[in-house]
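Novice: The opening residue of the sequence shown carries number 63 in my numbering; numbering runs sequentially from there.
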Amino acid sequence: MAQLVSLAIRTLHVLAITVVVGSTAALWYGYRTGVTEGIAAARRYEWLFWGALGVVVLTGVGNLGALGPPGPATDWGRTLLAKLALVLALVVGSAVRTLVVVRADDDDYSHEGITRVRRALGKYYGATTGVLLVLVVLAEVLAHG
Numbered sequence: 063m064a065q066l067v068s069l070a071i072r073t074l075h076v077l078a079i080t081v082v083v084g085s086t087a088a089l090w091y092g093y094r095t096g097v098t099e100g101i102a103a104a105r106r107y108e109w110l111f112w113g114a115l116g117v118v119v120l121t122g123v124g125n126l127g128a129l130g131p132p133g134p135a136t137d138w139g140r141t142l143l144a145k146l147a148l149v150l151a152l153v154v155g156s157a158v159r160t161l162v163v164v165r166a167d168d169d170d171y172s173h174e175g176i177t178r179v180r181r182a183l184g185k186y187y188g189a190t191t192g193v194l195l196v197l198v199v200l201a202e203v204l205a206h207g
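#1: Classify tryptophan 109: buried if its beta carbon has 16 or more other beta carbons within 10 angstroms, exposed otherwise.
#2: Pair every Cβ in the segment 91-103 with every Cβ in the segment 177-197, then say whether three or more of these pairs are closer than 8 angstroms.
#3: Does the segment 152-169 come within contact of the segment 101-115, defined as at least 3 CB pairs closer than 8 angstroms?
#4: Please classify valine 38: does DSSP put it in a helix, a strand, or coil?
#5: For the candidate residues Val67, Gly122, Gly100, whose alpha-carbon lies nearest to that of arginine 21?
#6: Around the Cβ of valine 82, are there at least 16 other Cβ atoms within 10 angstroms (buried) or fewer (exposed)?
#7: Which residue comes first and which comes last in the alpha helix (DSSP H) that contains alanine 147?
#8: Excluding sequence positions up to five away, which residues of its chain have a Cβ less than 7 angstroms from the Cβ of arginine 140?
#9: Does the segment 68-77 come close enough to the segment 141-160 to have 3 or more Cβ pairs within less than 8 angstroms?
#10: Using the three-state DSSP reduction, which class does glycine 184 fall into: helix, strand or coil?
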């Protein structure tokens, strides 16, 4: 039974990170190419992002609990520490991005102002996508050595 629970936690972890990476990349592409107009898509995304990130963090803790905490003196432990530091940076950076989205309102800006906000969001989502992809690589290293 414990193996089934562990498998379910790992599966939920992978599915949630897939949603986070895929939706972030899609929004980055949308803002970068001009396909996405307005702030509404970013507002909807932020709800999805934080919910899915919560699932990722909780299931990540569950995965770590199933594996047991390694010492930081091992290669695996140092890689995990680097991944956790990057997750913390992702959370802090994403909080800043979310505040930009919350404060942005299509009606409060001139055309030029909203264009700047969209350009900035494209950069924020691009940076978020890049960090998420590095986290995926670190996860692969941790999973397969």
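Virtual Cβ for every residue (Gly too), placed ideally from N, Cα, C.
Specialist: Walking through what the data contain:
#1: Sequence index remark: in the sequence shown, residue 109 carries index 47 (1-based). With fewer than 16 Cβ atoms within 10 Å of its Cβ, tryptophan 109 is classed as exposed.
#2: yes
#3: yes
#4: This structure cannot speak to residue 38, because the chain is shown only from 63 to 207.
#5: A question about residue 21 goes unanswered here, because the residues of the chain that appear run from 63 up to 207.
#6: Your numbering for residue 82 matches position 20 in the sequence shown. By the neighbour-count rule (16 or more Cβ atoms within 10 Å), valine 82 is buried.
#7: Stepping through the sequence shown from its first residue, residue 147 is reached at position 85. Residues 137-165.
#8: By one-based count along the sequence shown, residue 140 stands at place 78. These residues qualify, in order along the chain: Pro134.
#9: no
#10: In the sequence shown, residue 184 corresponds to position 122, counting from 1. Helix at glycine 184.
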